[in-house]
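A quick write-up on the structure given underneath.
Numbering (our numbering), first residue to last: 58 to 180.
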C-alpha cells in the first residue's frame, strides 16, 4: 500500500526517499542544530560556484564612478505600465457597484410579492 501511494505522488516518493536516507546516515555526521555536516565534495562545489559568480545582483558589475548604468529595453516600459495597471485597478475597484445581483433580485422579489417596507427604517 505504501509503495502504491508513493508511485502516484512524486512528492511522497521523494519524502520517503529522504526519510530512508536520513535513517541510514550515521548520527556522527549531524551538527548540533540537526543540519547534516557539509561534505568536502559539497564544500568544493560551493567554492567553485562562488568563484564563477561575482557576488553582485544578477551578476551585474556596478559602472565606474561618474558613469550611469545602461538600462535594458524593458526597464523603460515597466514603471509606467505598472503605474497605469495600478490606476486602472483602483479606478475599477472604487467604482464597483454598491449592490450585488442578489440584492437587486431581493428588491425585485419584494416588489413582486407586494412587500411594503417599514416606514421607520430607510433602505
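The C-beta atom is built at its ideal place from N, Cα and C for all residues, glycine as well. It should be emphasised that the depicted structure is a prediction, and the values quoted were computed from it without experimental measurement.
(Q) Helix, strand or coil for residue 93? Go by DSSP, reduced to three states. (A) strand
Q. Quick one: is the Cβ of residue 171 within less than 8 Å of any heavy atom of the ligand MG?
A. Only the bare structure without any ligand can be found here, which leaves the ligand MG out of the picture.
Q | DSSP three-state assignment for residue 153, whether helix, strand or coil | A | coil
Q | Straight-line gap, residue 169 to residue 162 (C-alpha atoms, nearest Å) | A | 10 Å
Q.
Tell me the DSSP secondary structure of residue 104 in three-state form.
A. helix
Q: Give the secondary structure of residue 118 by DSSP, where H, G and I count as helix, E and B as strand, and everything else as coil.
A: coil
**Q.** For residue 100 and residue 94, the rounded distance between their alpha carbons
**A.** 10 Å
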